[in-house]
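Chains as they are written, first to last, in my numbering: chain S, 1 to 147; chain F, 148 to 499.
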Amino acid sequence: MTSQTILLVEDNPDDEALTLRAFEKSNIRNEVVVLRDGAEALAYLFPGDGDGAPRPALILLDLNLPKVGGLEVLRRMRTDERTRLIPVVVLTSSKLDEDILDSYRSGANAYVRKPVRFSDFADAVRALGVFWLRLNEPAPGPGPESD
Amino acid sequence: MFVALLEAMPDALVCIAADGRIALVNAQAERLFGYERGELIGQPVEILVPDAARAAHAGHRAGYVADPRHRPMGAGLSLAGRRRDASTFAAEISLSAIDTDEGILVAAAIRDVTAQLRMKDLEVSNQGLESFIYTVSHDLRAPLRSLSGYSELLLEEYGGVLGEEGRGYAERIVAVSEHMGQLIDYLLQYSRVSRAELNLQPVDLGEEAALIAEEIRRRDPLRRICFTIAKPVQALADRRLIRTVLQNLLDNAWKFTFGRDDTSIDFGTVPNGYATVCCYVRDNGVGFDPAYEGKLFQPFQRLHAARDFPGTGTGLASVRQIVERHGGHVWAEGTVGAGATFYFTLDEKESA
């Protein structure tokens, strides 16, 4: 899968709308897949068999999610070869030291606290997009699969 | 000798003869249970046991005499004593047996633990309150972001339709949301400081103050500010928290001297008999009316109009909270138009 899909895991519909709006404002035209809880995220990342599991270019992950929390999603991703190297940015309201530490310990690549002002938030989303989708050199994907 | 020893014990002591009658009490026991010594001697010990536990007590007593080791009574149970006026109190009781010519005496040392229990309850409920504050402040940020975000989008995309007055209203919503965000951040900070373990280490407060002064200079290079900072000022403190204290005090000094072209801001110490260190931050800014000194340190209280000096009114409340966690206190001296001095102590002696 070579398309640069962004996966947004976010349960708050307003935050979702504003994040999508911020992408639009920042001219980030990548496909965005939105999932609304941790269980959906796990089901999306680890479909039944190994064939064609999606490989998003960037995951924006909220921590406070229904069903399975963001940290748990992150831990599961980091223990699975297929998802171990996908960049994950934790995007959350919390600035609690424990949350920040737990995120990094669980394998987050970055931690961004959502600002209250939309213009600040849009700036943050733009910077994330520029860095992770354009500047950053992702880990090379697995070669053609042979069985 | 034995009796003198009994009287010197900090706990109440009641000695019971083999027949379950009180043989000896000390003054602490008289005080604790509200009886005169004469009223107790010869009485069954059960008069000191709450009504509900009385029936079972005689059986327990026989059990102890059969196996008289020194041990706490009623392990795992919450025990209580009964005063003369029938009121009860939470008790910790330990038992030991003394061999005498008249047979075995059981000595019960009794301590009233009502205060400790109440303290523990209070701690538990404070912890509950703090995590509640954390959750609430966290949850409040999400709708606030939406409020502010949609207002900004309204301005951006429908600004023309709204007209000047309408845009003004939407701008107010954005500004007020941001202010509320700062208030919520204060709540978060407050609950965090009250839950934080203090990581005490030697800190040079002068060095920290100098670093902050440097930052202020960089932020505002056009203003001429004369900083005078005493170094070193050694103290045992949590570096991160004490930095917040100095940051708030120095930022305030910077803010409230705005418009002066001869601003001077001093950090130093004064001798204080009660604390290991007493520091001050002094400025020659607008000062304040000393009548309101007490209000300065209360959260969300502001003595100056927001349009003159922006702020949330939470900086000094944080200062007080952190200083108090370090066992010190804060106060301020000032006059309108003649500057202000903020003092704080750390690690005050209990018997001040």
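Where is the CB? At the ideal position from N, CA and C, for every residue including glycine.
Here the structure is a predicted model, which means the values were calculated and not measured.
Cβ of residue i within 9 angstroms of any chain S Cβ
{"i": "V321(F)", "result": "yes"}
{"i": "Y337(F)", "result": "no"}
{"i": "A317(F)", "result": "no"}
{"i": "G474(F)", "result": "no"}
{"i": "S498(F)", "result": "With a pLDDT of 46 at S498(F), under the threshold of 50, the modelled position of this residue cannot be trusted; read the value that follows with caution. With 9 angstroms as the cut-off, S498(F) does not count as an interface residue toward chain S."}
{"i": "G275(F)", "result": "no"}
{"i": "M266(F)", "result": "no"}
{"i": "E362(F)", "result": "no"}
{"i": "Y297(F)", "result": "yes"}
{"i": "P290(F)", "result": "yes"}
{"i": "M327(F)", "result": "yes"}
{"i": "L334(F)", "result": "no"}
{"i": "V300(F)", "result": "Just to set this straight, residue 300(F) is Leu in the shown sequence, not Val. Yes, because at least one Cβ of chain S sits closer than 9 angstroms to the Cβ of L300(F)."}
{"i": "S324(F)", "result": "yes"}
{"i": "Y305(F)", "result": "no"}
{"i": "S465(F)", "result": "no"}
{"i": "S341(F)", "result": "no"}
{"i": "Y281(F)", "result": "yes"}
{"i": "H285(F)", "result": "yes"}
{"i": "S411(F)", "result": "no"}
{"i": "S241(F)", "result": "no"}
Identified DSSP bridge partners for residue i
{"i": "T247(F)", "result": "G250(F)"}
{"i": "D259(F)", "result": "A238(F)"}
{"i": "T92(S)", "result": "R113(S)"}
{"i": "I6(S)", "result": "V32(S) and L58(S)"}
{"i": "M308(F)", "result": "The displayed chain sequence assigns Val, not Met, to residue 308(F). Looking at the DSSP assignment, V308(F) forms no beta bridge with any residue, so it has no partner."}
{"i": "R429(F)", "result": "D413(F) and T488(F)"}
{"i": "P219(F)", "result": "S241(F)"}
Buried versus exposed call for residue i [16 or more other C-beta atoms within 10 Å across all chains shown]
{"i": "Y333(F)", "result": "buried"}
{"i": "P180(S)", "result": "Nothing in the structure corresponds to residue 180(S), since chain S is present only between 1 and 147."}
{"i": "A203(F)", "result": "exposed"}
{"i": "Q115(F)", "result": "As displayed, chain F neither begins before 148 nor continues past 499, which places residue 115(F) out of reach and without an answer."}
{"i": "I245(F)", "result": "exposed"}
{"i": "S498(F)", "result": "The predicted model places S498(F) with a pLDDT of 46, which falls under 50 and marks its position as unreliable, so this point remains unresolved."}
{"i": "M1(S)", "result": "With a pLDDT of only 41 at M1(S), under 50, the local geometry of the prediction cannot be trusted, and the value read off the model is given with reservation. It counts as exposed."}
{"i": "S465(F)", "result": "buried"}
{"i": "T482(F)", "result": "exposed"}
{"i": "L302(F)", "result": "buried"}
{"i": "Y337(F)", "result": "buried"}
{"i": "G210(F)", "result": "exposed"}
{"i": "T247(F)", "result": "exposed"}
{"i": "F118(S)", "result": "buried"}
{"i": "P349(F)", "result": "exposed"}
{"i": "P115(S)", "result": "buried"}
Endpoints, the beta strand (DSSP E) within which residue i is located
{"i": "Q381(F)", "result": "Q381 to D385"}
{"i": "L171(F)", "result": "I169 to V172"}
{"i": "P349(F)", "result": "L347 to D351"}
{"i": "A159(F)", "result": "A159 to I163"}
{"i": "V477(F)", "result": "V477 to G481"}
{"i": "A202(F)", "result": "It is not in any beta strand (DSSP E) - A202(F) instead sits in the alpha helix (DSSP H) that spans D198 to A213."}
{"i": "A227(F)", "result": "L226 to R229"}
Given residue i as reference, the closest of the options once Cα atoms are compared
{"i": "A343(F)", "options": "L335(F), V350(F) and C373(F)", "result": "L335(F)"}
{"i": "N346(F)", "options": "V321(F), L352(F), L369(F) and R387(F)", "result": "R387(F)"}
{"i": "G353(F)", "options": "D398(F), R371(F), Q448(F) and R390(F)", "result": "R390(F)"}
{"i": "G250(F)", "options": "N173(F), P215(F) and G460(F)", "result": "P215(F)"}
{"i": "I372(F)", "options": "V392(F), D398(F), E270(F) and S278(F)", "result": "D398(F)"}
{"i": "Y120(S)", "options": "L7(S), A22(S) and V34(S)", "result": "The question names Tyr, yet the displayed sequence has Asp at residue 120(S). Closest by alpha carbon: A22(S)."}
{"i": "E549(F)", "options": "E362(F), A227(F) and H326(F)", "result": "Because residue 549(F) is not part of the residues shown, which for chain F are 148 to 499, the question remains open."}
{"i": "G189(F)", "options": "D198(F), G484(F) and V172(F)", "result": "V172(F)"}
{"i": "Y490(F)", "options": "H473(F), Q448(F), E318(F) and V428(F)", "result": "V428(F)"}
{"i": "L37(S)", "options": "L63(S), I28(S) and S26(S)", "result": "This sequence places Asp at residue 37(S); Leu is not what is there. The residue with the shortest Cα to Cα distance from D37(S) is L63(S)."}
{"i": "A159(F)", "options": "L242(F), Q448(F), Q381(F) and V271(F)", "result": "L242(F)"}
CB contact below 9 angstroms: residue i versus chain F
{"i": "R76(S)", "result": "no"}
{"i": "D14(S)", "result": "yes"}
{"i": "D97(S)", "result": "yes"}
{"i": "L128(S)", "result": "no"}
{"i": "L91(S)", "result": "no"}
{"i": "K67(S)", "result": "no"}
{"i": "E94(S)", "result": "First, the residue type needs correcting, since residue 94(S) is Ser and not Glu in the sequence shown. So yes, S94(S) belongs to the interface."}
{"i": "S26(S)", "result": "no"}
{"i": "V116(S)", "result": "yes"}
{"i": "F23(S)", "result": "no"}
Limits of the alpha helix (DSSP H) - the one that residue i falls within
{"i": "V470(F)", "result": "G462 to R472"}
{"i": "S119(S)", "result": "F118 to G129"}
{"i": "A22(S)", "result": "P13 to K25"}
{"i": "L174(S)", "result": "Nothing can be reported for residue 174(S): it is not among the residues displayed for chain S, which extend from 1 to 147."}
{"i": "L71(S)", "result": "G70 to R78"}
{"i": "A39(S)", "result": "G38 to L45"}
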